[in-house]
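First comes the structure, then the notes that go with it.
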Amino acid sequence: MWSLLLPHLAGVMVFYLLPFGWGIVQSLRTASGFGLANYAHLFRNEAFRLAAVNTLTLALVTVPLLVGLSMAAALYAHRHLKSGFLLLHPVLINFAIPTASIAYMWTILFEDFGWVNVWIHRGFGLPHQNWLDGALLYVPIVSIFLFKYLAFPIFIFFGGRQSLSVELYEAASIDGASAFKKFWHLTVPLLKPEILFTAVLGFFYNFKIYKEAYVLFGAYPPKEAYLIQHFLNNQFQKVALDTLTAAAAVMAVAIGAVIYGLIRANRSAYFPS
Amino acid sequence: MRCLRMKVARNVTRNIIVAALAAILLFPLILLLLFSILDGETMEQLLASFGSRFADSAPFRWKVDVSSYVHVAAESRKFAAALLNSFQYSLITTFGQLLLALPAAIALSVFKVKGRRLIVTMYMILMMMPFQVTMVPTFLTLYYLDLLDSPWAIILPQWFVPFSVILLYLYMIRIPSELHEAAQVDGAGTVRLIRHIVIPLVKHGLWSVGLLHFIDSWNMIEQPIVFLSSMERMPLSIFIRQSLERNAAEMFVPAVLFVLPILIIYGMYHRSIISGLLISFTGGGGTVSGQTPDHGVQGFSGWGMPKDDVDGRSRLGMTKREVDVHTRLGVPFDGVHGPSRSALEEGACR
Numbered sequence: 006m007w008s009l010l011l012p013h014l015a016g017v018m019v020f021y022l023l024p025f026g027w028g029i030v031q032s033l034r035t036a037s038g039f040g041l042a043n044y045a046h047l048f049r050n051e052a053f054r055l056a057a058v059n060t061l062t063l064a065l066v067t068v069p070l071l072v073g074l075s076m077a078a079a080l081y082a083h084r085h086l087k088s089g090f091l092l093l094h095p096v097l098i099n100f101a102i103p104t105a106s107i108a109y110m111w112t113i114l115f116e117d118f119g120w121v122n123v124w125i126h127r128g129f130g131l132p133h134q135n136w137l138d139g140a141l142l143y144v145p146i147v148s149i150f151l152f153k154y155l156a157f158p159i160f161i162f163f164g165g166r167q168s169l170s171v172e173l174y175e176a177a178s179i180d181g182a183s184a185f186k187k188f189w190h191l192t193v194p195l196l197k198p199e200i201l202f203t204a205v206l207g208f209f210y211n212f213k214i215y216k217e218a219y220v221l222f223g224a225y226p227p228k229e230a231y232l233i234q235h236f237l238n239n240q241f242q243k244v245a246l247d248t249l250t251a252a253a254a255v256m257a258v259a260i261g262a263v264i265y266g267l268i269r270a271n272r273s274a275y276f277p278s
Numbered sequence: 048m049r050c051l052r053m054k055v056a057r058n059v060t061r062n063i064i065v066a067a068l069a070a071i072l073l074f075p076l077i078l079l080l081l082f083s084i085l086d087g088e089t090m091e092q093l094l095a096s097f098g099s100r101f102a103d104s105a106p107f108r109w110k111v112d113v114s115s116y117v118h119v120a121a122e123s124r125k126f127a128a129a130l131l132n133s134f135q136y137s138l139i140t141t142f143g144q145l146l147l148a149l150p151a152a153i154a155l156s157v158f159k160v161k162g163r164r165l166i167v168t169m170y171m172i173l174m175m176m177p178f179q180v181t182m183v184p185t186f187l188t189l190y191y192l193d194l195l196d197s198p199w200a201i202i203l204p205q206w207f208v209p210f211s212v213i214l215l216y217l218y219m220i221r222i223p224s225e226l227h228e229a230a231q232v233d234g235a236g237t238v239r240l241i242r243h244i245v246i247p248l249v250k251h252g253l254w255s256v257g258l259l260h261f262i263d264s265w266n267m268i269e270q271p272i273v274f275l276s277s278m279e280r281m282p283l284s285i286f287i288r289q290s291l292e293r294n295a296a297e298m299f300v301p302a303v304l305f306v307l308p309i310l311i312i313y314g315m316y317h318r319s320i321i322s323g324l325l326i327s328f329t330g331g332g333g334t335v336s337g338q339t340p341d342h343g344v345q346g347f348s349g350w351g352m353p354k355d356d357v358d359g360r361s362r363l364g365m366t367k368r369e370v371d372v373h374t375r376l377g378v379p380f381d382g383v384h385g386p387s388r389s390a391l392e393e394g395a396c397r
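Chains A and B supply the protein sequences, listed in that same order. 278 is the number that my numbering gives the last residue of the first sequence; the numbers go up by one with no jumps. 397 is the number that my numbering gives the last residue of the second sequence; the numbers go up by one with no jumps.
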């Protein structure tokens, strides 16, 4: 029934795949015919390296926090909250709220005479910090990330924990297992698929946080917030086509490899027969 | 009696914690709403002296000013144009995307066309790419089609984003193939099959994917910046950014008005959004490996009627009010919102 698929596929080809292929061809075109010179150039580019390192560092910070906090929240809700999981609504609302509206609020909180600084000064006597530059940058960025993206992982862990059998935990209690033991030896291994899924989801959410970073800092953010998308965006503005296509190709290959690996590992879930 | 007192006390502290957490989580939104109704001077004072509330005793004069709402909503033509653009883009892209994605997803999941593994894999990879990677290819196509700086520059690429196809595909592979096979054995042709079997089953998924996409496209910032240039075509998200850059105090009211449709949609349809997402990714609220869909989804909303749980214990006899009363007293009735207490704990507390 290809006729059903064709319209959509045709559009994907026209707007995404074919021009992307052209882009790859362009990236291989150097001053002296075809070759990988653009790629070599790219990997030596300071800005690219900075962006790559920053993106990875941010991911290394946000993903464990995302997985840990969402799991903690879901387990707490499972164990203690009986009147439905009403807390989920604020979290989910934060997910739906458009960036354009809310990002400035974070600036207000974290700027030089913003509330966070005023609080720590009045409350703890600490001097005003610069939250919007330097390593402390991670505090607002990670906060925004968690506020926005905790919703779905909490669902996943909550649903997962709900579907585990009560008898299993009772048996463990009878055998004298402490709460921590039950967590470590029952919950964690049984929720491994959820943990993996959330980790991957968190990794890709890192790419989406660029939107917030862009609204907060613009095209040229402080050094620590310079992400790979900033690099791509700026190359685009400069119409530096060779760098741009090479970088896009590198990213596509990296991301493609990860996704492909995941799909292969979960073949049966995605292609039931 | 001791047990009941313990439960009530625990519930009270729990509610306080939950309320406090909810306030923290909604803090940026509350801040936004607050700032939008305050007068300019009040805002400055608030910003500067919030911390000093504890030290100073000077009373704080709040001047609420809603006239800016009237001004923006009723008089500002630029705002109205931007709002209209946002609606236009979000609605047209959502409808078109669903219209194109549904047949594609049907072809991939129900009819299992040749090459479906390749196509699904490709779509999934494409779906995960950040915008900047596909930005140039799309830009070039739009350039050569001479569509830049027109509404089509936004609409067309959005129509062919693989997101909907993949979500619908994941949704539809949960439908047992025996259903289609049975229909085909009974002589149903393709059209019949789709109209009477597939579409009713998928309606829910379509609705929630549509809602998700609408919310996502309402937030669209990167595409307008790259594919559009004239201000008349910009959606409200960009308009707000421009307002911010001109004069920070001006952005609050448009920002609130911008959030309003989202809050309304969320209020009305959050269950659809949640359950659609969950079914696509986790088979209904069970584990991600796709095991038994469980009472996860009902448990989230807190307003679901108690249903039979997997052990066959029926609670259909309980009305919602009874459920509420039971909950408030802390009397456990496990299974509805998840196993709240094990048999051991219940026994210990009786």
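Note that CB positions come from ideal geometry on N, CA and C, so glycine has one too.
Excluding five sequence neighbours on each side, which residues of the same chain lie with their C-beta closer than 7 angstroms to the C-beta of Q134/A? Translated into the one-based positions of the first sequence, residue 134/A becomes position 129. Cβ neighbours of Q134/A within its own chain (closer than 7 angstroms, five residues either side excluded): N122 and L141.
For a contact meaning CB atoms closer than 8 angstroms, what does V264/A contact in chain B? Along the first sequence, read from residue 1 onward, the residue named residue 264/A stands at position 259. According to the sequence provided, residue 264/A is Ile. The question's Val does not apply to it. Chain B residues near I264/A: T168, M171, I172 and M175.
Among the candidates A302/B, Y218/B and I139/B, whose CA atom is the shortest distance from the CA of I246/B? What you label residue 246/B is simply residue 199 of the second sequence in a count that begins at 1. Minimum Cα distance to I246/B is reached at Y218/B.
For M182/B and V273/B, believed in contact at Cβ under 8 angstroms, the rounded distance: As a first step, residue 273/B must be located in the second sequence, where it is residue number 226. As a first step, residue 182/B must be located in the second sequence, where it is residue number 135. Sure, about 6 angstroms apart at Cβ, within 8 angstroms.
Can you look up G143/B in the DSSP assignment and give me helix, strand or coil? Residue numbering aside, residue 143/B sits at position 96 when the second sequence is read from its first letter. Correct three-state label for G143/B: helix.
Cutting at 7 angstroms between CB atoms, please list the residues of its own chain near D138/A, excluding the five before and the five after it. By 1-based counting over the first sequence, the position of residue 138/A is 133. Cβ within range, chain order: P227.
How would you list, in chain order, the residues of chain B whose beta-carbon sits under 7 angstroms from the beta-carbon of L76/A? Counted from its first residue, the first sequence places residue 76/A at position 71. Looking at the sequence shown, residue 76/A is not Leu but Met. Those do not exist, as M76/A stays about 13 angstroms from chain B at its closest Cβ, beyond 7 angstroms.
Using only alpha-carbon positions, find the residue among A253/A, I264/A, A82/A and V68/A that is nearest to G164/A. Working through the first sequence from its first residue, we reach residue 164/A at position 159. Considering only alpha carbons, the answer is A82/A.
For H13/A, count neighbouring Cβ atoms within 10 angstroms of its own Cβ and tell me buried if that reaches 16, exposed if not. In the first sequence, residue 13/A corresponds to position 8, counting from 1. By the neighbour-count rule (16 or more Cβ atoms within 10 Å), H13/A is buried.
Hey, would you say S137/B sits closer than 9 angstroms to M267/B, going by beta carbons? Here the question's residue 137/B lines up with position 90 in the second sequence. Here the question's residue 267/B lines up with position 220 in the second sequence. The beta carbons of S137/B and M267/B sit closer together than 9 angstroms.
List the residues of chain A that E297/B touches, going by C-beta distances under 9 angstroms, in chain order. Working through the second sequence from its first residue, we reach residue 297/B at position 250. Here the premise fails: no neighbours, minimum Cβ distance about 11 angstroms.
Roughly how many whole angstroms lie between the Cα atoms of I262/B and I309/B? Working through the second sequence from its first residue, we reach residue 262/B at position 215. Working through the second sequence from its first residue, we reach residue 309/B at position 262. Using only the alpha carbons, I get a separation of about 7 angstroms.
On the three-state DSSP scale, how would you describe R221/B? Here residue 221/B corresponds to residue number 174 of the second sequence, with the count starting at 1. Shown here, R221/B sits in coil according to DSSP, grouped into three states, outside any helix or strand.
Can you look up F39/A in the DSSP assignment and give me helix, strand or coil? If you number the first sequence from 1, residue 39/A lands on position 34. If DSSP states are grouped into helix, strand and coil, F39/A belongs with the strands.
Contacts that I262/B makes with chain A (C-beta to C-beta distance below 7 angstroms): For the purposes of this step, residue 262/B is identified with residue 215 of the second sequence, where counting begins at 1. Within chain A, the residues placing a beta-carbon under 7 angstroms from that of I262/B are A101, ordered along the chain.
Which residues bound the alpha helix (DSSP H) around L248/B? Position 201 of the second sequence, counting from 1, holds the residue named residue 248/B. That run of the alpha helix (DSSP H) goes I246 to W265.
Mind checking whether N211/A and A224/A have CB atoms under 9 angstroms apart? By one-based count along the first sequence, residue 211/A stands at place 206. By one-based count along the first sequence, residue 224/A stands at place 219. No; because the gap between Cβ atoms is not below 9 angstroms, this pair is not in contact.
Return helix, strand or coil for L73/B, following the three-state DSSP convention. Counting from 1 along the second sequence, the entry for residue 73/B is found at position 26. Of the three classes helix, strand and coil, the one that applies to L73/B here is coil, per DSSP.
Which residue or residues does DSSP assign as beta-bridge partners of R166/A? Position 161 of the first sequence, counted from the first residue, corresponds to residue 166/A. DSSP lists no partner for R166/A.
Taking only beta carbons into account, state which residues of the segment 245-278 of chain B come closer than 8 angstroms to chain A, listed in chain order. Those residues of the segment 245-278 of chain B that come within reach of chain A (Cβ to Cβ, closer than 8 angstroms) are I262, W265, N266, I268, E269 and V273.
Cα-Cα separation, V189/B to A57/A: Here the question's residue 189/B lines up with position 142 in the second sequence. Here the question's residue 57/A lines up with position 52 in the first sequence. In the sequence as presented, Val is not what sits at residue 189/B; that position holds Leu. Counting only the Cα atoms, A57/A lies some 29 angstroms from L189/B.
Of all Cβ atoms in chain B, is any one closer than 9 angstroms to the Cβ of V17/A? Walking along the first sequence from the start, residue 17/A turns up at place 12. Taking Cβ atoms only, chain B reaches closer than 9 angstroms to V17/A, which makes this a yes.
Contact check, D196/B vs S133/B under 8 angstroms by CB: the rounded distance? In the second sequence, residue 196/B corresponds to position 149, counting from 1. In the second sequence, residue 133/B corresponds to position 86, counting from 1. D196/B to S133/B, Cβ: 17 angstroms. No contact.
Evaluate contact between the segment 22-32 of chain A and the segment 247-266 of chain A, counting only Cβ atoms and requiring at least three cross-stretch pairs below 8 angstroms. Three or more beta-carbon pairs drawn from the segment 22-32 of chain A and the segment 247-266 of chain A are found closer than 8 angstroms, and the two stretches are therefore classed as touching.
Run down chain A in chain order and give the residues with a C-beta less than 8 angstroms from the C-beta of A151/B. Within the second sequence, residue 151/B is the residue found at index 104, counting from 1. Result: L9, L10, P12, H13 and L14.
For Q167/A, the nearest candidate out of A79/A, F208/A, W27/A and Y219/A (CA to CA): Taking the first residue of the first sequence as 1, we reach residue 167/A at position 162. Comparing Cα positions, the closest option is A79/A.
Within a Cβ cutoff of 8 angstroms, which residues of the same chain sit near I202/B, ignoring the five residues on either side of it in sequence? Mapped onto the second sequence, residue 202/B falls at position 155. Excluding residues within five positions, the ones whose Cβ falls inside 8 angstroms are Y136, I139, T140 and G143.
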